[in-house]
Amino acid sequence: MSLTARFFDLPAELMTALGTVLGFALTGGLTYAQQNSLGNWLELIGQILDTNASQGQLLQANDTSRRLDAMERELAALRQELARLQGSTAPTDAVDPGGA
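Set out below in structure tokens:
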């Protein structure tokens, strides 16, 4: 199992705790200005990841919606065809045209 897979399989509480510990660990030895600079840089990375992921999710949702709409149209057409076929093979009451 890769490190990435293990990281993303962590429970939410542990992931939050790790972030807290790393955040405090990074403050040691840095001036307030350096902490501010590093924090803003990390926030920028987070915003880029967030923006990219949200756009990707939107595109996936749109694609899924379009595919679902197409499948619903195909299903409706198949139902119409099935109804037509059932109607043409339905038993009819035979009536003797000669009146016998």
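For our numbering, add 304 to where a residue sits in the sequence shown, where the first one is 1.
Cβ coordinates follow ideal geometry from the N, Cα and C atoms, glycine included.
Check, Outcome
"Cβ shell of Q390 (< 6 Å), same chain only, five flanking positions each side left out", "none"
"Alpha carbon of A309 to alpha carbon of A381, nearest angstrom", "43 Å"
"For S358, three-class secondary structure by DSSP", "helix"
"Cβ-heavy atom distance, G323 to the ligand NAD, below 7 Å", "The ligand NAD is not among the ligands present in this structure, which contains no ligands whatsoever."
"Where the alpha helix (DSSP H) containing G327 begins and where it ends", "316-331"
"Distance, T324 Cα to A337 Cα", "20 Å"
"Alpha-carbon spacing of G313 relative to T320, whole angstroms", "Note that residue 313 corresponds to Asp in the displayed sequence, not to Gly. When rounded, the distance between both Cα atoms is 13 Å."
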